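Read the structure below first, then the notes.
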Amino acid sequence: MQIFNALLLTIWVGITIFTSHILGQQAYDWLPTAAAAEAELVGHLFSFLVTLGTIVFLGVGGMIAYSILFYRTAASDRSDAPPIRGNSTLEIVWTVIPILLVIWIASYSYDIYQRMDTLGSLPLAHLHLLESPAYAEMGSQDSQPSDTQPSEQIEVLAKQWAWSFHYPSQNITSTELHLPVNQSVHLVLQSEDVLHGFFVPNFRIKQDIIPNQAIAFQFTPNRVGQYPLYDSQFSGTYFALMQATVYVDTPKQYAQWLAQAATQPPVPAVNSANSEHAQPPSLPVRSHWHTVSPAPPPLVNQ
Numbered sequence: 004m005q006i007f008n009a010l011l012l013t014i015w016v017g018i019t020i021f022t023s024h025i026l027g028q029q030a031y032d033w034l035p036t037a038a039a040a041e042a043e044l045v046g047h048l049f050s051f052l053v054t055l056g057t058i059v060f061l062g063v064g065g066m067i068a069y070s071i072l073f074y075r076t077a078a079s080d081r082s083d084a085p086p087i088r089g090n091s092t093l094e095i096v097w098t099v100i101p102i103l104l105v106i107w108i109a110s111y112s113y114d115i116y117q118r119m120d121t122l123g124s125l126p127l128a129h130l131h132l133l134e135s136p137a138y139a140e141m142g143s144q145d146s147q148p149s150d151t152q153p154s155e156q157i158e159v160l161a162k163q164w165a166w167s168f169h170y171p172s173q174n175i176t177s178t179e180l181h182l183p184v185n186q187s188v189h190l191v192l193q194s195e196d197v198l199h200g201f202f203v204p205n206f207r208i209k210q211d212i213i214p215n216q217a218i219a220f221q222f223t224p225n226r227v228g229q230y231p232l233y234d235s236q237f238s239g240t241y242f243a244l245m246q247a248t249v250y251v252d253t254p255k256q257y258a259q260w261l262a263q264a265a266t267q268p269p270v271p272a273v274n275s276a277n278s279e280h281a282q283p284p285s286l287p288v289r290s291h292w293h294t295v296s297p298a299p300p301p302l303v304n305q
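For the record, in the sequence shown the residue sitting at position 263 is 266 according to my numbering, with numbers rising by one throughout.
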């Protein structure tokens, strides 16, 4: 019986390790296509969590299945179970192992967060109050310059319910966010009204935007393409319409877009929230519920 149990345990451990490894590798494909350097680090963390979670799931499930198959009492057995009052060794094991796993996960997650460095070389606060939207005008005496200087500083303004992106170097404003590939990009995130959230699933980055604060945000897109930008915070009635497109361009395409946009005069942007709000009600009876009117569409070149 001991040989059978040892053989069964060996087989199950092998199945658990193999299955966990396969699912951990497949986990990379469960997320949207990675399009930023920071996304690769998050992908590694997600794969690690899936692998570890599969090991725990199969380990616990295997123990339960083994107990059901080999320790079932006979249908005619109506006797009471033995009065077991506890097993100190078992309790220590199932307490210490989860604690060590949580510490491991927390340490790895924190290391990934530090390596992503999405807040650049700014002071040690998660939210950074900027005296000016211009990154170059910030007090740089107290903070060391980053090894990789951002190729472009872009001011991101969120409001109910529209995104707008201002490129100070070219004095261009757009409802599209264009970024050069393989170059560190610095954003200054600001909200005009309520709490918003800058979230690009393909970049695996998300940052809350708090009213009356300018928040520095830095990352490096590394895959040419078009990617959706969402508001990750519920910001009111037309929150679902607050979307934009992020274009990661080659350096040549990026320069061409800036030059082309600079030739366009500013005009009010097409805004789905304003269009929907302006439509007459579909029912003749109004609910009289108060609805926040969308902010005026931003003036944009592109």
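Every residue gets a Cβ at the ideal spot worked out from N, C-alpha and C, and that includes glycine.
On a predicted model such as this, the values are computed, not experimentally measured, just so you know.
Contact check for Ala-37 against Asn-205 passes: the beta carbons are separated by less than 8 Å.
Take the alpha-carbon of Ser-177 and the one of Val-53: they are about 39 Å apart.
Around the beta carbon of Gly-89, fewer than 16 other beta carbons sit within 10 angstroms, so the residue counts as exposed. Listed in chain order, the non-local C-beta contacts of Ala-276 below 6 Å within the same chain comprise Trp-164, Tyr-241, Leu-244 and Pro-297, local neighbours out to five positions each way being set aside. In the displayed model, Trp-164 falls within coil according to three-state DSSP, outside both helix and strand. Counting only runs of at least 4 residues, the stretch 185-272 fully encloses the following alpha helix (DSSP H) elements, listed from N- to C-terminal order: 254-265.
Residues Ile-58 of the same chain have their beta carbon placed closer than 8 Å to that of Ile-20, with the five preceding and five following residues left out of the count. Sequence-distant Cβ neighbours of Ala-272 in its own chain, meaning closer than 8 Å and more than five residues away, are Ala-165, Ser-167, Thr-178, Pro-300, Pro-301, Leu-302 and Val-303. With a cutoff of 8 Å on beta-carbon distance, Tyr-250 and Leu-180 are scored as near each other.
A Cβ-Cβ separation of about 7 Å places Val-188 in contact with Pro-224 under the 8 Å criterion. When secondary structure is reduced to three states using DSSP, Glu-43 falls in the helix class. Residue environment for Ile-25: exposed (fewer than 16 other C-beta atoms within 10 angstroms of its C-beta).
Around the Cβ of Ser-194, a 10 Å sphere holds 16 or more other Cβ atoms; the residue is buried.
Under the DSSP definition of a beta bridge, Tyr-170 partners with Ile-175. In this structure Glu-94 is not in contact with Phe-222, their Cβ atoms being roughly 45 Å apart against a cut-off of 8 Å. Pairing Lys-162 with Gly-62, the inter-Cα distance amounts to about 49 Å. Residue pairing by DSSP places Gln-156 opposite His-189 in a beta bridge. In the three-state reduction of the DSSP assignment, His-293 falls in the coil class, being assigned neither a helical nor a strand state.
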